[in-house]
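Numbering (our numbering), first residue to last: 1 to 163.
Positions of the beta carbon are idealized from the N, C-alpha and C atoms, including for glycine.
Below: the structure, in structure tokens.
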């Protein structure tokens, strides 16, 4: 498995991704990663809440939970592919936060990312590879927000690690 032991040229890697993205768009149309995670969240909520989930308009009107929603499998495929790549490159290891403050920051960060995905109706991957190349102002605003959020989050995380 020499393929996993060396780094691809970034230009070649992006060209491969672009070509594959074109074929994906031709086969299944536009997609976002946030849709798969949202549907998985809905399925988990339905498992715990049962029919009570139907009282929430988002889950009953806009995004009814459906286990056959195809974007779930794209999201799971990306996680599986990342896992396989890390294992074959011998770079896989479990990393666990050591302090409660790290767990809190990770949880809040995940919640903020989920809220941002729902507010923007798009994920960060789609923003970078979809909206920004289309010269969409929303894409550039989203990228600006992602960069600002990353900077602020890094400052907060660094302060917590030092303190």
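| Query | Result |
| --- | --- |
| 8 angstroms Cβ cutoff met for residue 125 and residue 132 | no |
| Presumed contact (8 angstroms Cβ cut-off) between residue 37 and residue 89, rounded CB distance | That belief does not hold up - the Cβ atoms of residue 37 and residue 89 are roughly 25 angstroms apart, past 8 angstroms. |
| Proximal residues to residue 39 (C-beta, below 8 angstroms), its chain only, five neighbours per side dropped | 63, 65, 66, 69, 71, 72 |
| Exposure label - residue 123; buried when at least 16 CB within 10 Å | buried |
| Residue 7 (DSSP reduced to helix, strand or coil) | coil |
| Close Cβ partners of residue 45 (< 6 angstroms) along its chain, the five nearest in sequence each way excluded | 53 |
| beta-carbon residue 21 near the ligand NAP non-hydrogen atom, thresh 7 angstroms | As presented, the structure is devoid of all ligands, the ligand NAP included, so that no description of it is given. |
| Exposed unless 16 or more other CB atoms sit within 10 angstroms - verdict on residue 77 | exposed |
| Whole-Å CB distance - residue 127 paired with residue 139, under 8 angstroms assumed | 5 angstroms |
| Simplified DSSP state of residue 136, which is helix, strand or coil | coil |
| Pair within 8 angstroms by beta-carbon distance, residue 59 and residue 85 | no |
| 4 or more residues per run - each alpha helix (DSSP H) lying fully within the stretch 64-89 | 70-88 |
| CA nearest to the CA of residue 104, picked from 156, 6, 49 | 156 |
| Per-residue burial, residue 16 [other beta carbons within 10 Å of its own, 16 or more giving buried] | exposed |
| Buried or exposed by the 16-neighbour rule on C-beta atoms within 10 Å, applied to residue 106 | exposed |
| Straight-line gap, residue 94 to residue 79 (C-alpha atoms, nearest Å) | 15 angstroms |
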